[in-house]
Structure formats: structure tokens, C-alpha cells
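Visitor: Taking full-length UniProt numbering, the leading residue of the sequence shown gets 1, the next gets one more, and so forth.
Every residue gets a Cβ at the ideal spot worked out from N, C-alpha and C, and that includes glycine.
Have a look at this one.
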Amino acid sequence: MMMAMTGRLFSTGAIVRGAVSHTHLLHPRAPAIGGVRDFSKMTFDKKKTEPENQSESEGKADEGNKGEQLIVSYWGVKPMKITKEDGTEWKWSCFRPWETYKADLSIDLKKHHVPSTLPDKLAYWTVKSLRWPTDLFFRRRYGCRAMMLETVAAVPGMVGGMLIHCKSLRRFEQSGGWIKALLEEAENERMHLMTFMEVAKPNWYERALVIAVQGVFFNAYFFGYLISPKFAHRMVGYLEEEAIHSYTEFLKELDNGNIENVPAPAIAIDYWKLEADATLRDVVMVVRADEAHHRDVNHYASDIHYQGRELKEAPAPIGYH
1 MMMAMTGRLF STGAIVRGAV SHTHLLHPRA PAIGGVRDFS KMTFDKKKTE
51 PENQSESEGK ADEGNKGEQL IVSYWGVKPM KITKEDGTEW KWSCFRPWET
101 YKADLSIDLK KHHVPSTLPD KLAYWTVKSL RWPTDLFFRR RYGCRAMMLE
151 TVAAVPGMVG GMLIHCKSLR RFEQSGGWIK ALLEEAENER MHLMTFMEVA
201 KPNWYERALV IAVQGVFFNA YFFGYLISPK FAHRMVGYLE EEAIHSYTEF
251 LKELDNGNIE NVPAPAIAID YWKLEADATL RDVVMVVRAD EAHHRDVNHY
301 ASDIHYQGRE LKEAPAPIGY H
């Protein structure tokens with residue numbers, strides 16, 4: 001019986017030529033014969049790839065399919081084919097249509113939490129002290145400045161969400177939605193970065209700076225959140241206030257003609273549901289509104305801790321970009 005099973009599993013139809021590096025399948029269920037799945041009945045999706053150096057025998061075998069590579073999976077995972085409302089294909093794999101939204105531009109941009117306690121003052125002046133080297137390094141290159149800012153701003157939500165997630169597992173308790181809310185914030189900030197990557201191309205030394213800053217900031221924020229979540233959220237609240245200021249200055253440069261108001265990147269138009277003729281100014285407007293929402297969420301989270309309560313006791317503002 002073992003011989004028969006081996007024969008079925010390693011029949012010529014089950015062998016796929018070439019290395020398989022991706023797992024997508026159009027028709028995931030292969031007929032089972034005698035309790036063993038017959039891989040020779042699997043169907044494959046073909047992906048266009050750049051032609052590579054192949055042996056003479058492989059070239060003959062693949063004649064007529066040059067530049068194509070078979071993609072196979074045994075795990076029943078179907079590739080998602082998504083279209084827009086107008087029927088055109090959705091081309092973004094990093095986010096989906098149901099994750100898009102229109103930013104609330106009516107949010108109050110001038111709100112500020114006046115630091116009164118010692119931890120608040122420490123958080124406030126920590127953020128202020130970080131602004132000086134940033135101004136010195138980037139000066140008025142606001143595209144690169146925004147890109148650098150987003151590599152930092154996307155860290156706190158991920159760290160906070162991760163730590164609350166682990167706490168929820170340890171204590172066998174609900175999080176009140178704060179895991180999802182903070183991870184939404186992190187993903188939203190990351191999408192800001194993906195957008196500005198289309199506008200500003202970083203130099204090698206700016207990439208090196210991002211690696212260094214992220215390494216330091218991630219670990220500092222991680223331990224800071226473990227010690228005092230209320231301090232950590234307050235600091236992020238002030239960090240977002242600085243982000244609002246930076247994007248306001250960015251808008252001034254655009255309005256004064258010092259920065260060219262180029263067409264908005266396609267990824268931004270789809271993510272924020274902007275008009276087809278949207279410009280960089282429209283992108284900066286919606287990003288600034290997002291930062292104002294993040295400011296509110298983090299100051300709110302800090303206030304909950306200041307009242308001697310845990311975040312789970314107050315429903316999280318999920319979907320509040």
C-alpha cells in the first residue's frame with residue numbers, strides 16, 4: 001500500500017518544473033483518490049516573469065511559455081481578484097477598497113493639550129527637543145521631512161497595539177477595541193509613507209538615518225510604554241501636534257510656489273477617495289487631517305490612564321483615522 005501511495009504522490013503529473021516561490025491558486029481543491037490528494041489534477045496560475053538563464057533542456061520544454069512561471073499552492077488559498085465600482089481592476093495589494101475613506105477635513109487643527117503635570121511637561125519638551133535636529137537636517141525639504149516623519153509616526157501605534165495584545169492574552173481579557181484602533185493608526189501612518197515615497201525619493205544617507213532613528217525610537221518607545229502608557233500616549237499626542245505644524249508649513253510652501261504642486265500619486269487618490277485630478281496639496285490636506293485624528297486618540301488614551309482607568313474600560317475609537 002505504501003508503494004502505491006508513493007507512486008501516486010510522485011507521478012510525473014505531480015512534478016512542477018522550476019522553483020516555486022509564491023503560493024496562489026485558481027482552483028484550490030484537488031480530487032482525492034483513496035484518501036490521498038492527487039496533485040496531478042491541480043490547476044495553476046501563470047505569472048509573467050523576466051526571462052532567466054535556463055538550461056538548453058528547460059528551454060525546449062518551456063518553448064511557447066517563455067517569460068512565464070507556474071505558480072502552485074496545495075493550501076487552497078485563492079488569489080483575490082477585486083474590481084472598483086466602475087469595473088476596472090483594483091491594482092493595490094497593500095490595501096483594499098473597503099479600507100479606503102474620505103478624510104474629515106473639518107477637524108479642529110488648533111487643539112492643544114496644555115502640559116500641567118511633570119510627565120506631561122517631560123513628554124512635551126521631549127518632542128520639542130526632537131524638532132530642532134529635524135529642522136536643521138531637512139530645512140525646507142518638506143517632502144523628505146514628511147517621509148522621515150512617517151517612518152517614526154508609524155511606530156507607536158504598532159508598539160502600543162502589540163503590547164496591549166500581549167496583555168490581553170496574558171490576562172484572558174478583552175482590549176476594548178484598542179488593539180485594533182492602534183494598529184489602524186500604525187497602518188494609516190504607513191500609508192502616509194507609501195504615498196510620500198512617490199513624491200520624494202530618499203537619498204542613501206536619508207535611508208541610513210531612517211534605520212538609525214527607527215532602531216532607537218522603537219526600543220525607547222517600547223520600554224517607555226511598559227513603564228508608563230500615559231506618558232507614551234501623551235508624547236505621541238504632542239508628536240502629532242508637531243506633525244500638524246509641519247504639514248501646515250508644507251502647505252504654505254505649496255501655496256507660495258516654492259514647491260511644485262504636482263498631481264497626486266495614484267495610490268493617494270484611491271486610498272483617500274480623492275478626485276481624479278487631485279494634487280499634492282490635496283494629499284497634504286488629508287494627511288494633516290489624519291494626524292489631527294491621531295493627536296486626539298492619543299491624548300484621549302493618556303487621559304484615560306490619568307483618571308486611573310485602563311484603556312479597555314473606554315471603548316476605542318475604531319475607524320477614527
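1. Keeping to the same chain, check which residues put their C-beta closer than 8 Å to that of residue 194; ignore five residues upstream and five downstream.
2. What does a CB cutoff of less than 7 Å around residue 92 pick up in its chain, not counting 5 residues either side in sequence?
3. Taking all protein chains shown into account, do 16 or more other C-beta atoms lie within 10 angstroms of the C-beta of residue 125, making it buried, or fewer, making it exposed?
4. In the DSSP assignment, find the unbroken alpha helix (DSSP H) run with residue 191 in it and report its ends.
5. Residue 289: which of 275, 90, 79 and 103 sits nearest, CA to CA?
6. My output table needs one value for residue 156: the three-state DSSP class, helix, strand or coil.
7. With 16 other CB atoms within 10 Å as the buried threshold, where does residue 250 fall?
8. Give me the Cβ distance between residue 185 and residue 77, rounded to the nearest whole Å; I'm assuming they're in contact under 8 Å.
9. Which term fits residue 238, buried or exposed, when burial requires 16 or more other beta carbons within 10 angstroms of its beta carbon?
10. Kindly indicate which three-state DSSP category residue 173 falls into: helix, strand or coil?
11. To the nearest angstrom, how far is the alpha carbon of residue 308 from that of residue 173?
12. In the DSSP assignment, the alpha helix (DSSP H) including residue 86 goes from what residue to what residue?
13. In the DSSP assignment, the alpha helix (DSSP H) including residue 235 goes from what residue to what residue?
14. Would you kindly report the start and end of the unbroken alpha helix (DSSP H) that includes residue 290?
15. With a threshold of 16 other CB atoms inside 10 Å of the CB of residue 145, please say whether the residue is buried or exposed.
16. With residue 270 as the anchor, note down where its alpha helix (DSSP H) starts and where it stops.
17. Tell me which residues share the same chain as residue 232 and place their Cβ nearer than 6 Å to its Cβ, disregarding the 5 neighbours each side in the sequence.
18. Assign residue 259 to buried or exposed, taking buried as 16 or more other Cβ atoms, counted over all protein chains shown, within 10 Å of its Cβ.
19. Quick one: residues in its chain with C-beta nearer than 7 Å to the C-beta of residue 113, no 5 flanking neighbours on either side, listed in chain order?
20. When burial is assigned at 16 or more other CB atoms within 10 Å of the CB, is residue 155 buried or exposed?
21. Who are the Cβ neighbours of residue 127 in its own chain at under 7 Å, not counting the five residues just before and after it?
22. Among 106, 87 and 105, whose alpha-carbon lies nearest the alpha-carbon of residue 97?
23. How about residue 161 and residue 136: are their beta carbons less than 8 Å apart?
24. In angstroms with no decimal places, state the Cα-to-Cα distance between residue 73 and residue 80.
25. In or out: residue 274 buried (at least 16 other Cβ within 10 Å) or exposed?
26. When the Cα of residue 280 is compared with those of 134, 253 and 302, which residue comes out closest?
27. How big is the Cα-Cα spacing for residue 178 and residue 164?
Guide: Let me lay it out:
1. Here residue 194 refers to the residue found at position 194 when the sequence shown is read from its first residue. If we look at residue 194 and ignore the five residues flanking it on each side, its Cβ neighbours are 94 and 267.
2. Here residue 92 corresponds to residue number 92 of the sequence shown, with the count starting at 1. Once the five neighbours on either side are set aside, the close Cβ partners of residue 92 are 267 and 270.
3. For the purposes of this step, residue 125 is identified with residue 125 of the sequence shown, where counting begins at 1. Under this definition residue 125 is an exposed residue.
4. Taking the first residue of the sequence shown as 1, we reach residue 191 at position 191. From DSSP, the alpha helix (DSSP H) with residue 191 extends over 178-196.
5. For this step, residue 289 is matched to residue 289 along the sequence shown. It is 103.
6. Here the question's residue 156 lines up with position 156 in the sequence shown. DSSP places residue 156 in helix when its eight states are reduced to three.
7. Here residue 250 is taken as the residue at index 250 of the sequence shown, counted from 1. Answer is buried; the Cβ neighbour count reaches 16.
8. Here residue 185 corresponds to residue number 185 of the sequence shown, with the count starting at 1. Here residue 77 corresponds to residue number 77 of the sequence shown, with the count starting at 1. Incorrect: roughly 29 Å between the Cβ atoms, too far for contact.
9. Position 238 of the sequence shown, counted from the start, is the residue given in the question as residue 238. With 16 or more other Cβ atoms inside 10 Å of its own Cβ, residue 238 counts as buried.
10. For this step, residue 173 is matched to residue 173 along the sequence shown. In this structure, residue 173 counts as coil in the three-state DSSP scheme.
11. Here residue 308 refers to the residue found at position 308 when the sequence shown is read from its first residue. Here residue 173 refers to the residue found at position 173 when the sequence shown is read from its first residue. The straight-line gap separating the alpha-carbon atoms of residue 308 and residue 173 is approximately 18 Å.
12. Residue mapping note: residue 86 aligns to position 86 of the sequence shown, counting from 1. Unbroken run through residue 86: none, as it is neither H nor E.
13. Your numbering for residue 235 matches position 235 in the sequence shown. 229-255 is the extent of the alpha helix (DSSP H) around residue 235.
14. Sequence index remark: in the sequence shown, residue 290 carries index 290 (1-based). Taken as a continuous stretch (DSSP letters only), the alpha helix (DSSP H) holding residue 290 covers 280-306.
15. The count along the sequence shown starts at 1 and reaches residue 145 at position 145. By the neighbour-count rule (16 or more Cβ atoms within 10 Å), residue 145 is buried.
16. Residue mapping note: residue 270 aligns to position 270 of the sequence shown, counting from 1. Residues 266-271.
17. Sequence index remark: in the sequence shown, residue 232 carries index 232 (1-based). Taken in chain order, the residues that qualify are 224 and 225.
18. Stepping through the sequence shown from its first residue, residue 259 is reached at position 259. When all chains shown are included, residue 259 counts as buried.
19. For the purposes of this step, residue 113 is taken as the residue at position 113 of the sequence shown. Answer for residue 113: 237 and 299, listed in chain order.
20. For the purposes of this step, residue 155 is taken as the residue at position 155 of the sequence shown. Per the 10 Å Cβ criterion, buried.
21. For this step, residue 127 is matched to residue 127 along the sequence shown. Answer for residue 127: 235, 238, 239 and 242, listed in chain order.
22. What you label residue 97 is simply residue 97 of the sequence shown in a count that begins at 1. Ranking the options by Cα distance to residue 97, first place goes to 87.
23. Working through the sequence shown from its first residue, we reach residue 161 at position 161. Working through the sequence shown from its first residue, we reach residue 136 at position 136. Not a contact, by the Cβ cut-off of 8 Å.
24. Residue mapping note: residue 73 aligns to position 73 of the sequence shown, counting from 1. Residue mapping note: residue 80 aligns to position 80 of the sequence shown, counting from 1. C-alpha of residue 73 to C-alpha of residue 80: approximately 14 Å in a straight line.
25. Taking the first residue of the sequence shown as position 1, residue 274 is located at position 274. Looking at its Cβ environment, which holds 16 or more other Cβ atoms inside 10 Å, residue 274 is buried.
26. For this step, residue 280 is matched to residue 280 along the sequence shown. Out of 134, 253 and 302, 253 has the C-alpha closest to the C-alpha of residue 280.
27. Numbered from its first residue, the sequence shown carries residue 178 at position 178. Numbered from its first residue, the sequence shown carries residue 164 at position 164. Computed Cα separation, rounded: 8 Å.
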